[in-house]
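Enquirer: As given, the protein sequences belong to chains A and B, one line each in that order.
Residue numbers for the first sequence follow this note's numbering, beginning at 80 and rising by one.
Residue numbers for the second sequence follow this note's numbering, beginning at 123 and rising by one.
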Amino acid sequence: MIYKLTLYITGRTYSSECAAENLRRILEKECPGAYEITIVDVVERPEEAETHRVLATPTLIKESPPPVRRIVGDMSDTCKVLLGLGLNSANAKEVNQR
Amino acid sequence: MSAKSAAINSSSPNGSVKKLATTIPGFDLICEGGLPEHRTTLISGTAGSAKTVFAAQFLAEGIVNENQSGVFVTFEESPDDIRRNMLGFGWDIAEWEKQNRWCFVDASSQPNVDTVVSGKYDLGALLARIEHAVRKVNGCRVAIDSLGAIFSQLPDHSVVRSELFRTATALRQMNVTALLTAERTQEYGDIARYGVEEFVADNVVILRNTLEEEKRRRTVEVLKFRGTAHQKGEYPFTVIPGKGVVVLPLSAIELKQKSSDLRVTSGNEDLDRMCGGGFFRDSIILVSGATGTGKTLITAEFIAGAARRGERCLLFAFEESREQLFRNARGWGHDFGKMENDGYLRVICEYPEVLGLEDHLIRIKQYIEEFKPDRVAVDSLSALERVSTEKGFREFVIGVTSHIKHQEITGLFTATAPSLLGGSSVTESHISTITDSIILLRYIETLGEIRRGVTVLKMRGSAHEKKIREVMIDGDGMHIGVPFRDVSGILSGSPTHVSSSELERIGGLFADDDPKK
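1) So, helix, strand or coil for residue 279 (chain B), using DSSP?
2) Could one say the Cβ of residue 128 (chain A) lies closer than 7 Å to chain B's Cβ atoms, at least one of them?
3) Mind pulling the chain A residues with CB within less than 9 Å of residue 276 (chain B)?
4) So, with DSSP's three-state summary, where would you put residue 92 (chain A)?
5) Helix, strand or coil: which one does DSSP assign to residue 495 (chain B)?
6) Determine, using beta carbons only, whether residue 143 (chain A) comes closer than 7 Å to chain B.
7) Is the CB of residue 125 (chain A) under 7 Å away from at least one CB in chain B?
8) State whether the region 379 to 399 of chain B contacts the region 501 to 516 of chain B, with contact taken as three or more CB pairs (one from each stretch) at a distance under 8 Å.
9) Please name the residue, chosen from B:556, B:148, B:252 and B:154, that lies closest to residue 196 (chain B) on a Cα-to-Cα basis.
10) Using a cut-off of 9 Å between C-beta atoms, extract the partners of residue 253 (chain B) located in chain A.
11) To be precise: take each residue of the region 83 to 98 of chain A, compare its Cβ to all Cβ atoms of chain B, and keep it if any distance is under 7 Å. Which residues remain?
12) Look up residue 385 (chain B) in the DSSP assignment and give the residues it is bridged to.
13) Do residue 369 (chain B) and residue 149 (chain B) have their C-beta atoms closer together than 7 Å?
14) Return no unless some Cβ of chain A is closer than 7 Å to the Cβ of residue 298 (chain B).
15) Scan the region 230 to 244 of chain B for residues whose Cβ lies nearer than 7 Å to a Cβ of chain A and list them as they occur along the chain.
16) Give the interface partners of residue 148 (chain A) over in chain B, defined as CB-CB distance under 9 Å, in chain order.
17) Can you tell me where the alpha helix (DSSP H) with residue 684 (chain B) in it begins and where it stops?
18) Could you check whether residue 133 (chain A) and residue 87 (chain A) sit closer than 7 Å to each other, using their CB atoms as the reference points?
19) Within 10 angstroms of its Cβ, does residue 558 (chain B) collect 16 or more other Cβ (buried), or is it exposed?
20) Check whether chain B comes within 7 Å of residue 159 (chain A), counting only Cβ atoms and requiring the distance to be less than that.
21) Take residue 495 (chain B) and list the residues in its own chain whose beta-carbon comes closer than 7 Å to its own, dropping the five residues that flank it on each side.
22) Leaving out the 5 sequence neighbours to the left and right, which residues in its chain are closer than 7 Å to residue 640 (chain B) when beta-carbon positions are compared?
23) Check whether the Cβ of residue 248 (chain B) lies closer than 7 Å to any Cβ atom in chain A.
24) Can you tell me whether residue 190 (chain B) is buried or exposed? The criterion is at least 16 other CB atoms within 10 Å of its CB, across all chains shown.
25) Along chain A, which residues have their Cβ under 7 Å away from the Cβ of residue 259 (chain B)?
26) What first and last residue would you give for the alpha helix (DSSP H) that runs through residue 174 (chain B)?
27) If you count every other CB in all the chains shown that lies within 10 Å of the CB of residue 108 (chain A), and 16 or more means buried, which is it?
28) Beta strand (DSSP E) containing residue 358 (chain B): first to last residue?
29) Measuring only the C-alpha atoms, how far is residue 212 (chain A) from residue 129 (chain A)?
30) Can you list, in chain order, the residues of its chain with a C-beta nearer than 6 Å to that of residue 166 (chain A)? Leave out the 5 residues immediately preceding and following it.
31) Whether or not the region 213 to 232 of chain B and the region 294 to 312 of chain B are in contact is what I'm after, with contact meaning three or more pairs of Cβ atoms, one per stretch, closer than 8 Å; do they touch?
32) Can you find a C-beta in chain A that's less than 7 Å from the C-beta of residue 481 (chain B)?
33) Please tell me whether residue 225 (chain B) and residue 259 (chain B) are closer than 7 Å, where the distance is taken between their beta carbons.
34) Go ahead and label residue 390 (chain B) buried or exposed: buried means 16 or more other beta carbons lie within 10 angstroms of its beta carbon, across all protein chains shown.
35) Using C-beta distances below 8 Å, list every residue in its chain close to residue 489 (chain B), excluding the 5 sequence neighbours before and after it, in chain order.
36) On a Cα-Cα basis, can you pick out the residue from B:618, B:449, B:600 and B:599 that is closest to residue 608 (chain B)?
Printed below as a string of structure tokens:
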């Protein structure tokens, strides 16, 4: 199962870079090699943001596997990111094993 | 001044704030020109106060009248809903979108998509989309509807507030005139929910939709325009199909009607004589009396008098149906049907209840514009009292009379007195100072008989007869007879018979000055 993700950011701001970095770190740990991230800068490509009706940045849209989910923010709350990606079960197991 | 503050401060070189004419009917008059140009104005109102219509109309009028394209940012309704809802006002948004004159930024909520918040965020994407849309259509106007909805979409209100402030600042730098709508929970209270007025505090307009005496009344008020003048207080407005918001800037009407010495006939020679030679052409005449005293008859004579001279008359009948009215007129020897066919008359019969008073006013103005009459008759004005509050009615009367006077046409209104004998009506008290002439019709009970009397109470700018004369009605219409000499107390509604000896005695009191004696 491949995670198809699009991350919408505004330029090279601190929160944009934070979001990209946090996301990569989480995905490498949870599902290494099984994800594709497309990064869209809404300042350069506002029509993309319009098509997908993105309001806040950073916004991560998980297109597959379904259901489509959005995660808004700099991805600093790992728990919430996992919840949004549907990876919380694995995480929960980890917690249980401890 | 630094470059940044120069960009924010968009006032013109001489320091005054320029205005952008919205061309929303009547609104620019109370704004004294329009909305402050290149600035953001907050439109606040409760649910159902026509905020979305107002926002859409701001763009639509710009496209239609000023060739200015616009961007509509929607947080609440979907673009499809807006396109559909606004079609009824004659605004083909889909067509404008094709022509690149209207652009939506769809920020309405997506209930089927789960959103999780993880860490800090801003509204950079929204701003980028607005900027993109403004560039795309070369937009001049931006409408954002409505701010409350974005607060419910995103959980962190302080972030949303500061981001909206950033957006408002960016809008100024884009040189667009923007309009933001916001909700309020009470008609009289805080300006808006979530304290949004704090970041767009420069200009605030409030739309109200209040319930007074079981009747809905819409008003618009310009609360403040920073650095520029505007009319103060609430002004009624209405939302009508095919037009949208129409503001009635009644109190902003100026008293600058022309007046002429030209006389026109009342349609009845005797009445003309009592008025000192007929009505003035651009005057307002009020005919007041109880039911059945002959108000509609005077109206019919007025219309027939116009037709005889080749003048056109517009009649608004709010009390009788067309058939009834035509039959009664035939009974007095006036053929309304023929007059209509000849183009001298147009009769509009309507129940007062079919519309609100503001809508009636707009309809009346429309009919006058279409028919271009020399005379307008309203029978009766008091029937319209039922559908409005007292304040609303007063504004309506002022609106109608001033419009008629501006057109230089003769207006004849009837008012029904509530009691059979004497008395005055609300209509009279509101209208009497505005009218130029007042004709009073009264029942007079003398010696076990009901008779009708007529007197000219007021005739601005002319002498008139002061006597109360008897009115007789037959198949040829109205006939005015001799004065009532032996009855007093007619006006007060308690006529008493005065014996002839008493008359002589009263006459004798002034005998010394009478040269004939």
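Where a beta carbon is used, it is the ideal one built from N, C-alpha and C, also for glycine.
Expert: So, from the data block:
1) helix
2) yes
3) 134, 135 and 151
4) coil
5) coil
6) no
7) yes
8) no
9) B:252
10) 122 and 125
11) 87, 89 and 94
12) B:402
13) yes
14) no
15) 232, 235, 236, 237, 238, 239, 240, 241, 242, 243 and 244
16) 235, 236, 237 and 238
17) Chain B is shown from 123 up to 639; residue 684 (chain B) falls before or after that span and cannot be answered.
18) yes
19) buried
20) yes
21) 434, 435, 436 and 531
22) No answer is possible for residue 640 (chain B): the residues shown for chain B start at 123 and end at 639.
23) yes
24) buried
25) In chain order: nothing, as chain A lies at least about 13 Å away.
26) 173 to 188
27) exposed
28) 356 to 362
29) One cannot answer for residue 212 (chain A) here, as it falls past the ends of chain A, which runs 80 to 177.
30) 109
31) no
32) no
33) yes
34) buried
35) 436, 438, 468 and 470
36) B:618
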